[in-house]
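S.K.: Structure provided below as structure tokens; questions to follow.
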Amino acid sequence: KAGVTQTPRYLIKTRGQQVTLSCSPISGHRSVSWYQQTPGQGLQFLFEYFSETQRNKGNFPGRFSGRQFSNSRSEMNVSTLELGDSALYLCASSLTSGSTNTGELFFGEGSRLTVL
Amino acid sequence: AQSVAQPEDQVNVAEGNPLTVKCTYSVSGNPYLFWYVQYPNRGLQFLLKYITGDNLVKGSYGFEAEFNKSQTSFHLKKPSALVSDSALYFCAVRDMSGKLIFGTGTRLQVFP
């Protein structure tokens with residue numbers, strides 16, 4: 001069974017631009033979560049979508065947004081890029097959502113964004 | 117609030133020796149605990165989880181973890197380390213909203 005697929009794997013943008021990252025979850029998984037990974041801050045939760053609805057949101061500014069489509073694929077968008085947005089953006093999928101979810105997250109290989 | 121702490125930034129061990137990567141947790145209620153590994157320029161790979169039941173959890177690649185409620189710890193262990201085990205290891209706990217909260221990570225270096 002195919003894993004979580006993230007595109008693009010690498011991208012370079014300049015300050016002020018915007019970027020859209022894509023994530024295709026494992027077939028049958030309805031929950032998609034996004035994390036930002038940086039050397040200084042570690043893994044920070046961005047948001048989670050389940051059945052096209054945002055279920056959870058981390059402490060990021062409104063420049064960070066996301067959505068989920070009916071086929072469970074998800075996109076995240078960052079507008080007005082700043083140098084500090086340079087990071088590895090990881091997408092993860094799971095079967096279910098919520099505090100009683102005992103299942104693990106399955107991660108993609110990430111999209112590495114560099115902002116110049 | 118739920119949280120996990122990984123007190124060691126790096127752990128060094130010789131190949132063939134046992135290894136331990138430490139994790140302590142702080143939760144209200146029953147903890148759902150996880151270990152993940154990350155190789156360079158890759159995503160996170162699931163190793164094992166503790167939900168309930170036996171305190172010794174066995175996972176992928178020969179790793180295991182011991183859940184200790186009295187010490188609020190969930191240390192990752194392996195009886196005999198391999199050079200290929202060298203990677204970044206993350207402990208995580210599921211919080212009340214359902215998201216995973218990750219520790220800061222421990223870099224494991226196994227020397228030949």
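Residue numbers (my numbering), protein chains in the order written: chain S, 1 to 116; chain V, 117 to 228.
We put the CB at the ideal spot given by N, CA and C, even for glycine.
Keep in mind it's a predicted model, so treat the numbers as computed, not measured.
Taking Cβ-Cβ distances below 7 Å as the criterion, which residues of the segment 129–152 of chain V are in contact with chain S?
M.R.: Hits within the stretch, in order: 148 and 150.
S.K.: Any beta-carbon of chain S closer than 8 Å to the one on residue 220(V)?
M.R.: Numbered from its first residue, the second sequence carries residue 220(V) at position 104. Output row for residue 220(V): interface = yes.
S.K.: In the structure shown, what three-state DSSP assignment does residue 178(V) receive?
M.R.: To locate residue 178(V), count along the second sequence from 1; it is residue 62. Note: residue 178(V) maps to helix in three-state DSSP.
S.K.: I need the DSSP call for residue 105(S), collapsed to helix, strand or coil.
M.R.: As a working mapping, residue 105(S) is identified with position 105 in the first sequence. Residue 105(S) falls in the coil class under three-state DSSP.
S.K.: Got a sec: which bits of the segment 20–44 of chain S sit with their beta carbon under 7 Å from any beta carbon on chain V, in order along the chain?
M.R.: If the cut-off is 7 Å between Cβ atoms, the segment 20–44 of chain S has 33, 42 and 43 near chain V.
S.K.: What residue range does the beta strand (DSSP E) around residue 98(S) cover?
M.R.: Start at 1 with the first residue of the first sequence, and residue 98(S) comes out as number 98. That residue, residue 98(S), is in no beta strand (DSSP E); it is neither H nor E in DSSP.
S.K.: Nearest CA to the CA of residue 39(S): which residue from 29(S), 89(S), 8(S) and 66(S)?
M.R.: Here residue 39(S) refers to the residue found at position 39 when the first sequence is read from its first residue. Nearest of 29(S), 89(S), 8(S) and 66(S) to residue 39(S), Cα basis: 89(S).
S.K.: Comparing the C-beta of residue 14(S) with each C-beta of chain V, is any distance below 8 Å?
M.R.: Here residue 14(S) refers to the residue found at position 14 when the first sequence is read from its first residue. Judged by the 8 Å Cβ criterion, residue 14(S) is not in contact with chain V.
S.K.: By how many angstroms is the C-alpha of residue 223(V) removed from the C-alpha of residue 183(V)?
M.R.: Position 67 of the second sequence, counted from the first residue, corresponds to residue 183(V). Position 107 of the second sequence, counted from the first residue, corresponds to residue 223(V). Cα-Cα distance, rounded: 21 Å.
S.K.: Any C-beta of chain V sitting closer than 8 Å to the C-beta of residue 60(S)?
M.R.: For the purposes of this step, residue 60(S) is taken as residue 60 along the first sequence, with counting starting at 1. Cβ-Cβ to chain V under 8 Å: no for residue 60(S).
S.K.: Quick one: which chain S residues come within Cβ less than 9 Å of residue 174(V)?
M.R.: Taking the first residue of the second sequence as position 1, residue 174(V) is located at position 58. The premise fails here: residue 174(V) is roughly 15 Å from chain S at the closest Cβ pair, so nothing lies under 9 Å.
S.K.: Tell me which residues share the same chain as residue 110(S) and place their Cβ nearer than 7 Å to its Cβ, disregarding the 5 neighbours each side in the sequence.
M.R.: Within the first sequence, residue 110(S) is the residue found at index 110, counting from 1. Closer than 7 Å at Cβ, skipping near neighbours: 6, 88, 89 and 90.
S.K.: Using the beta-carbon count (16 or more within 10 Å), is residue 227(V) buried or exposed?
M.R.: One-based indexing of the second sequence puts residue 227(V) at position 111. The residue is exposed, with fewer than 16 neighbouring Cβ atoms inside 10 Å.
S.K.: Rounded to whole angstroms, what is the Cα-Cα separation between residue 113(S) and residue 41(S)?
M.R.: On the first sequence, position 113 is the one that residue 113(S) refers to. On the first sequence, position 41 is the one that residue 41(S) refers to. Near 15 Å, if we compare the C-alpha coordinates of residue 41(S) and residue 113(S).
S.K.: Taking C-alpha atoms, which residue in 17(S), 37(S) and 16(S) lies nearest to residue 107(S)?
M.R.: Residue numbering aside, residue 107(S) sits at position 107 when the first sequence is read from its first letter. With distances taken between Cα atoms, residue 107(S) lies closest to 37(S).
S.K.: Would you verify that the beta carbon of residue 117(S) is, or is not, closer than 8 Å to some beta carbon of chain V?
M.R.: Chain S is shown only over 1 to 116; residue 117(S) falls outside these bounds and no answer can be derived.
S.K.: Give a yes or no on whether the minimum CB-CB distance between residue 183(V) and chain S is below 8 Å.
M.R.: As a first step, residue 183(V) must be located in the second sequence, where it is residue number 67. So no, residue 183(V) is outside the interface.
S.K.: What whole-angstrom Cβ distance do residue 52(S) and residue 64(S) have, given they're in contact under 8 Å?
M.R.: Here residue 52(S) corresponds to residue number 52 of the first sequence, with the count starting at 1. Here residue 64(S) corresponds to residue number 64 of the first sequence, with the count starting at 1. Actually they are not in contact, since the Cβ atoms of residue 52(S) and residue 64(S) sit about 18 Å apart, beyond 8 Å.
S.K.: Along the chain, where does the beta strand (DSSP E) that runs through residue 111(S) open and close?
M.R.: Taking the first sequence and counting its residues from 1, the one referred to as residue 111(S) is at position 111. Unbroken beta strand (DSSP E) run through residue 111(S): 111–115.
S.K.: Closer than 8 Å, Cβ to any Cβ of chain V: which residues of the segment 43–57 of chain S, in chain order?
M.R.: So the close ones are 43, 45, 48, 55 and 56.
S.K.: In the structure shown, what three-state DSSP assignment does residue 219(V) receive?
M.R.: Residue numbering aside, residue 219(V) sits at position 103 when the second sequence is read from its first letter. Coil, per DSSP.
S.K.: Strictly below 8 Å CB to CB, what residues from chain V border residue 114(S)?
M.R.: Reading the first sequence from its first residue, position 114 is the one you call residue 114(S). Result: empty, since nearest Cβ-Cβ is about 13 Å, beyond 8 Å.
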